[in-house]
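In the numbering used here, the protein residues as written are 20 to 175.
For glycine and all other residues, C-beta sits at the position ideal for the given N, C-alpha and C.
Each remark here refers to the structure printed beneath this line.
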Ligand SMILES: [Zn+2]
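Structure representation (structure tokens):
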């Protein structure tokens with residue numbers, strides 16, 4: 020994806036600055052991962068793609084408008100990009116990563132705050148869910164109580 024997307028684009032910087040200010044730490048464009056996600060948050064098992072609405076063909080978005088000329092060329096090109104995005108996300112998911120896509124239009128001034136707050140919420144939710152699954156253990160207290168016999172009380 021890096022070939023069709025400039026590094027340090029403004030939308031990407033917005034996401035980075037916001038997450039950093041909230042205490043999140045991340046890697047950028049990890050070359051070992053499919054699709055070289057813009058941000059990699061290992062602690063949250065999450066990767067974030069900040070996608071331009073045109074290049075990645077954001078369905079139903081007013082910023083995804085094909086040029087009037089060479090329509091077929093552009094349509095094919097964007098379709099290929101979309102297929103590649105899908106394939107990369109499928110690979111990432113199979114490796115256990117949560118994939119989060121943020122669209123450029125979701126970072127326009129009017130909706131930016133809402134989008135970024137929702138992102139933080141999502142990341143915290145993922146983090147808690149991961150811990151809940153990993154740290155589940157049977158309740159030992161119940162087992163100990165069940166092992167107690169009446170006789171031991173009578174002898175006290
Ligand atoms: Zn869009």
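* Measure the beta-carbon distance from residue 66 to residue 118 and round it to whole angstroms, keeping in mind my assumption that it falls under 8 angstroms. => 6 angstroms
* Selection from 138, 68, 122 that minimises the alpha carbon distance to residue 82 -> 122
* Could you say if the region 43-54 and the region 91-109 meet the contact criterion of at least three C-beta pairs nearer than 8 angstroms? => yes
* To do: Look at the alpha carbon of residue 22 and the alpha carbon of residue 60, and state the distance between them as a whole number of angstroms.
  => The predicted position of residue 22 is uncertain, since its pLDDT is 48 and thus under 50; a value taken from the coordinates is nonetheless stated next. Whole-angstrom Cα-Cα distance: 22 angstroms.
* Identify whether residue 144 lies in helix, strand or coil by the three-state DSSP scheme. => helix
* Determine the burial state of residue 43: buried for a count of at least 16 other Cβ atoms within 10 Å of its Cβ, exposed for fewer. => buried
* Tell me whether the beta-carbon of residue 135 lies closer than 9 angstroms to the beta-carbon of residue 37. => yes
* Out of curiosity, what's the CA-to-CA distance linking residue 131 and residue 76? -> 20 angstroms
* May I ask you to list the residues that DSSP assigns as paired with residue 119? => 67
* Quick one: grab the DSSP three-state call for residue 51. => coil
* Backbone secondary structure at residue 46 - three-state DSSP -> strand
* To do: Check whether the Cβ of residue 55 lies closer than 8 angstroms to any heavy atom of ligand 1, and answer yes or no.
  => no
* Environment of residue 115 [buried if 16+ CB atoms lie within 10 Å] -> exposed
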